[in-house]
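Just add 81 to the spot in the sequence shown (first one is 1) and you have my numbering.
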Amino acid sequence: MPRSLPIALIGQKFMGRAHSNGWGQAPRFFDLPMTPALAVACGRDGAELKAFAARWGWARTTTDWRELADDDGVALVDIGTPNHLHAEPAIVMLEAGKHVACEKPLAGTLDDARAMRDAARRARGKTFVWFNYRRCPAVALAWQLLRAGRLGRIYHVRASYLQDWGGAGTPMSWRFQKKTAGSGAHGDLNAHAVDLARFLLGEEIVEVHGAVSRTFIKERMVPGTRDKGRSDVDDAVLFSASFRSGAMASFEATRLATGNQNANRIEINGELGSLRWDFEAMNVLHFYDGTESRQTAGWRRIMATAGDVHPYATYWPDAHLLGYEHTFVSMAADICRVLGGRKAEVPLPDFSDAFETQRVLEAAMRSARERAAVRIAEVT
Ligand code: NAI
Ligand code: SOE
82 MPRSLPIALI GQKFMGRAHS NGWGQAPRFF DLPMTPALAV ACGRDGAELK AFAARWGWAR
142 TTTDWRELAD DDGVALVDIG TPNHLHAEPA IVMLEAGKHV ACEKPLAGTL DDARAMRDAA
202 RRARGKTFVW FNYRRCPAVA LAWQLLRAGR LGRIYHVRAS YLQDWGGAGT PMSWRFQKKT
262 AGSGAHGDLN AHAVDLARFL LGEEIVEVHG AVSRTFIKER MVPGTRDKGR SDVDDAVLFS
322 ASFRSGAMAS FEATRLATGN QNANRIEING ELGSLRWDFE AMNVLHFYDG TESRQTAGWR
382 RIMATAGDVH PYATYWPDAH LLGYEHTFVS MAADICRVLG GRKAEVPLPD FSDAFETQRV
442 LEAAMRSARE RAAVRIAEVT
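Written out as structure tokens, the structure reads:
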């Protein structure tokens, strides 16, 4: 009989919905040692919160996240708030003995991220970070192929996360302010790209060689007013880096790549072959097997939708496509597996892991500021 995992969720908008759906659906699709119970939804606006809780099946609500620390009816606290509101609740909950699942980036600043990593090291509870793209079946398959050595020695990683919603007409929000977001496209999108690259290669980046950060749109309308406010985060950040093995990497994140809506892409080239993935066709992995005869070798288009051989592809009959929401369901399922003493299908990022991504992000910001290379060992 699976044990219950009572959860509290902080933040009820975009990620609030994705996580509520994830926790609710996980036990319907997977046999898990623990069953998530949607115990408490927490947000700032009481009326909105009650409607949200009723719609998504949360049993209780509170407008004070601090209450969750003393709530014996909560085992895991799930944080889906803006980046500056990750550290404090995470640390308080870890000190209260809860497990914590937190949205990415781990935090807006390296200081916050370090404090979270340190709190996690001291804590009884386990930590998780919602780098959800690891659980796209095609990405998990790429991870398996890399682990099996199908690419051999890795030479190149080319990662980019291109969006176009951040033009001059987009109003001010927490995402355009350093005090709430930490950074712009960089922490928002390069965080995913760096996590994906580190996850797939299974090794660390040791140096950022050069970065360019640019804020093209410096003022934005403040909603509900006739005033403009200053946007003090990057709209785009581009940088190059080296992995410990010597593999060269490039990363690009932007909210101004007109025509690219959610192009989270990665290509990896190794001595034996190459892999290529794009979230806009998330069920497909492109694989070039360089060991095949040159006469017939070519890029192979793999639909990662065969439930018996592709990780996380068991939701529907073979060849029926998965979407963004499944990545959260699959991650919720893996969290339940790990807390129930089983293994995740592919590794889950915890606070220590996400801190390593944060160090790379910080190194890139320093590199852009100082117009110099930055060794990750100098970013502690
Ligand atoms: P959002 O602006 O849609 O929602 C933020 C929520 O936090 C709102 O419900 C707001 O009321 C709540 N909130 C703010 N201050 C609060 C407080 N003091 N107490 C309780 N609730 C509070 O933001 P969104 O897009 O959901 O982003 C939240 C986090 O999720 C960010 O860290 C972001 O980077 C991450 N994110 C991750 C995605 C992914 O694919 N993994 C996708 C989108 C966002
Ligand atoms: C907006 O840029 C956003 O929702 C990010 O916050 C997410 O992390 C990314 O997955 C999709 O785009």
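Idealized CB from N, CA, C, for every residue including glycine. Just so it is clear, the structure is predicted and the values come from calculations on it, not from any experiment.
Per DSSP, the continuous beta strand (DSSP E) segment holding Ala344 begins and ends at Ala344 to Gly351. Distance from Lys131 to Thr142 at the Cβ level is roughly 6 Å; contact confirmed, criterion being Cβ atoms closer than 8 Å. Boundaries of the beta strand (DSSP E) harbouring Tyr236: Ile235 to Leu243, taken from the DSSP string.
Under the criterion of beta carbons closer than 8 Å, Gly161 and Val410 do not qualify as touching, at roughly 15 Å. Counting only runs of at least 3 residues, the segment 138-198 fully encloses the following beta strand (DSSP E) elements, listed from N- to C-terminal order: 141-143, 157-160 and 180-183. Here the alpha carbons of Thr372 and Ala188 stand approximately 42 Å from one another. By the beta-carbon neighbour count (other beta carbons within 10 angstroms, threshold 16), Val303 is exposed. In the DSSP annotation of this structure, the continuous segment of the beta strand (DSSP E) that includes Val365 starts and ends at Val365 to Asp370.
Per DSSP, the continuous alpha helix (DSSP H) segment holding Lys260 begins and ends at Lys259 to Ala262. Rounded to whole angstroms, the gap between the alpha carbons of Arg231 and Ile298 is 44 Å. C-alpha of His237 to C-alpha of Ala322: approximately 10 Å in a straight line.
About 6 Å separates the beta carbons of Asp316 and Thr296, which is inside the 8 Å limit, making them a contact pair. Minimum Cα-Cα distance from Ala168 among the listed residues Trp380, Thr190, Met412 and Val318 corresponds to Thr190.
For Glu459, no alpha helix (DSSP H) encloses it, and the DSSP letter there is neither H nor E.
Taking one beta carbon from each stretch, the segment 343-363 and the segment 193-212 have fewer than 3 pairs nearer than 8 Å; the two do not touch. Residues of the same chain with a CB within less than 8 Å of the CB of Asp145, apart from the 5 flanking positions on each side, are Cys123 in chain order.
Between His401 and Ala334, the C-beta spacing is not below 7 Å. The C-beta of Pro252 has fewer than 16 other C-beta atoms within 10 Å across all chains shown, which makes the residue exposed.
Between Phe320 and Ala292, the gap from beta carbon to beta carbon is short of 7 Å.
DSSP lists no beta-bridge partner residue for Cys217. In this structure, Leu149 keeps its C-beta atom at 7 Å or more from the C-beta atom of Leu227. If you check the CB distance, Pro114 and Gly421 come in under 7 Å.
Collapsing the DSSP output to three states places Leu130 in a helix. Boundaries of the beta strand (DSSP E) harbouring Met384: Trp380 to Met384, taken from the DSSP string. In this structure, Gln258 is the residue among Ala262, Glu443 and Gln258 with its C-alpha nearest to the C-alpha of Gly310. Put simply, the backbone Cα of Ala414 is about 19 Å away from that of Asp434.
Beta-bridge pairing by DSSP links Arg357 to Glu348 and His367. In this structure, the straight-line span from the alpha carbon of Ala194 to that of Arg202 is close to 12 Å.
In this structure, Glu169 has its CB at a distance of at least 6 Å from all heavy atoms of the ligand NAI. For Leu429, the secondary structure class from DSSP, reduced to helix, strand or coil, is coil. What you get when you keep residues with a C-beta closer than 6 Å to any heavy atom of the ligand NAI is Ile91, Gly92, Gln93, Lys94, Phe95, Met96, Gly97, Cys123, Gly124, Arg125, Trp146, Gly161, Thr162, Pro163, Asn164, Leu166, Glu184, Lys185, Trp211, Asn213 and Asp269.
By the Cβ neighbour-count rule, Met96 is buried, with 16 or more other Cβ atoms within 10 Å of its own. Selection Val181, Val287, Gly250 and Lys185 evaluated against Ile457 yields Val287 as nearest (Cα-Cα).
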